[in-house]
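Accompanying notes for the structure given below.
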């Protein structure tokens, strides 16, 4: 089951959840991709979701720079009706990390961002992790 390459996409059907420990896990990392932004590091894993066509996507973000900016990873995915959804995980403060797991429909893209006062300030390009 090949799922990974990080790129861009739009849309999602989402609900918070946790990954199935027995399912095969595929790691992803935004480092060195078009999504990469200095000061943020996003990575995670993908496992099959609870319903056909869904995935459990774990996303972790780390603020890697001592400055006034926080770090965020944006995930975009598809909805059944063709809409696009956005979920995010944020961290603020040098070496602070935050993680969350979402149930999403493909395609899914990730994008690292720096934040200022909680708002996206500078972002990389979306990178597809689930085509």
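Residue numbers (our numbering): 18 to 148. In this text, a Cβ means the ideal position worked out from N, Cα and C, and glycines have one as well. Here the structure is a predicted model, which is why all the values come from computation and not from measurement.
Spanning the alpha carbons of residue 69 and residue 85 requires a straight line of approximately 42 Å. Per DSSP, reduced to three states, the secondary structure at residue 129 is strand. Around the C-beta of residue 111, fewer than 16 other C-beta atoms lie within 10 Å, and the residue is accordingly described as exposed. Of all C-beta pairs linking the stretch 71-82 to the stretch 111-121, three or more are shorter than 8 Å, placing the two stretches in contact. As computed with DSSP, residue 53 is found in no beta bridge at all. Residue environment: residue 127 is assigned as buried (16 or more neighbouring CB atoms within 10 Å of its CB, all protein chains considered). Using a Cβ distance threshold of 7 Å, residue 43 and residue 87 do not count as a contacting pair.
Shown here for residue 53: same chain residues with a beta carbon closer than 7 Å to its own, the five before and five after excluded, namely 47, 129, 141 in chain order.
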